[in-house]
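With the UniProt record's numbering applied, the sequence shown corresponds to residues 1 to 131, in that order. C-beta atoms are modelled at their ideal positions from N, C-alpha and C, and glycine is treated no differently. To start, the structure itself, in structure tokens.
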Amino acid sequence: MTTPVIAVTPSATIGEAIAVLTGKGITSLPVVSDTGELLGLLVEEDLLRARYLPGGEPDSGVMLSGHTKVSALMRRPAAGAHPDADLTELTAKMLERRLRSVPVLEHGRVVGVITWQDLLRAGPSAQRNRP
Numbered sequence: 001m002t003t004p005v006i007a008v009t010p011s012a013t014i015g016e017a018i019a020v021l022t023g024k025g026i027t028s029l030p031v032v033s034d035t036g037e038l039l040g041l042l043v044e045e046d047l048l049r050a051r052y053l054p055g056g057e058p059d060s061g062v063m064l065s066g067h068t069k070v071s072a073l074m075r076r077p078a079a080g081a082h083p084d085a086d087l088t089e090l091t092a093k094m095l096e097r098r099l100r101s102v103p104v105l106e107h108g109r110v111v112g113v114i115t116w117q118d119l120l121r122a123g124p125s126a127q128r129n130r131p
């Protein structure tokens, strides 16, 4: 599990989120409330679709600009994992949903993120343990 969590609020702009994604070299951002509760997930794949593919926005009424709010493109509901999640099941869920990372939740609040890199580091002997 990767900590500390890098997240944004729904009122952040797409421009701000892209700066965080590219500056930190990450592929998605949990979108959280002021109290850290998971509201959605902003995924670079969705940003690429909205920017480069005509009609590729999740909501066809969204015009992507640097000033567009994250809430317009975030995935809802966001997939989350428990800190003690079975890694085999989590890997299958991530691959099925095409997610390179999943927020880790305790009592609805984001406490970390599990990435493909975390799963690779954990290895097969850790299948039932946290990465």
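Original post:
When the distance is taken between beta carbons, is THR3 closer than 7 Å to ALA100?
Top reply: Per the sequence presented here, residue 100 reads as Arg, with Ala not at that position. Not closer than 7 Å, so no.
Subject >> Rounded Cβ spacing between PRO30 and VAL111 (contact assumed at less than 8 Å) >> reply: Not really, about 10 Å apart at Cβ, beyond 8 Å.
Original post:
According to DSSP, is ARG49 helix, strand or coil?
Top reply: helix
Original post:
Are VAL7 and VAL43 closer than 7 Å when you measure CB to CB?
Top reply: Strictly speaking, residue 7 in this sequence is Ala, with Val absent from that position. No, these two residues do not count as a Cβ contact at 7 Å.
Original post:
Taking SER11 as the reference, which of ALA72, ARG76, THR91, GLY36 has the closest Cα?
Top reply: ALA72
**OP:** State the DSSP-derived secondary structure class of SER101, mapped to helix, strand or coil.
**Re:** strand
Subject >> 8 Å contact criterion, which LEU38 and GLY108 should meet: CB distance rounded >> reply: 7 Å
**OP:** Note down, in chain order, each residue of its chain lying with its Cβ closer than 6 Å to the Cβ of VAL70, except the 5 sequence neighbours on either side.
**Re:** VAL8, PRO10, ALA12, ALA17, VAL31, LEU42
Subject >> Cβ-based burial, GLY66 [other Cβ within 10 Å; buried from 16] >> reply: exposed
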